[in-house]
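Each number in our numbering corresponds to the 1-based position in the sequence shown with 2 added.
For every residue, glycine included, the Cβ atom is placed at its ideal position computed from N, Cα and C.
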Amino acid sequence: MNATSATKLLRQSIISCAAALTRERSAYHGTACKGFDSLFTLVPWQIWKERNAGCFRDAASSVMDILLIIKTEAERWMLAAGARNPEGLLSGE
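See below:
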């Protein structure tokens, strides 16, 4: 694959992801929309931090560990924002 094809494929992938995000986000309103936005920010942030830990500190976490870190951090974010039942929000109750 040459650079032009790779660039075109990357552009198409970004457009596709943006469309999917927009479609999914439209299902939420008010506080739920804010929660969706926060989760959309939190997940890549935690993945990035884990990547850096692997690159710079030679640390490795399992997928389950990363998911637990994301869940714990999401609960902290919701408590900081004043959510009354963060466990219920994460479990879909």
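Residue i CB to nearest heavy atom of the ligand COA below 6 Å
i	result
S28	Among the components of this structure there are no ligands whatsoever, and the ligand COA is therefore not found.
C-beta contact flag for residue i and residue j at 7 Å
i	j	result
I72	E52	no
L44	A76	yes
Nearest to residue i (by Cα), restricted to the options the options
i	options	result
M66	T6, T74 and A82	T74
D39	I49, N54 and L23	L23
G84	R59, F58 and G37	G37
F42	C19, M3, K10 and T6	C19
Limits of the alpha helix (DSSP H) - the one that residue i falls within
i	result
D39	T33 to R59
A82	V65 to A82
S7	A5 to R27
Cutoff 7 Å; reference residue i; Cβ partners in own chain excluding five residues on either side
i	result
C35	R27
Q48	I68, I71, I72 and E75
A62	G56
Contacts around residue i, its chain only, beta-carbon distance under 6 Å, and the 5 residues preceding and following it disregarded
i	result
Q14	none
Neighbourhood of residue i by C-beta distance below 8 Å, restricted to the same chain and skipping five residues each side
i	result
I16	none
T33	none
L11	M3
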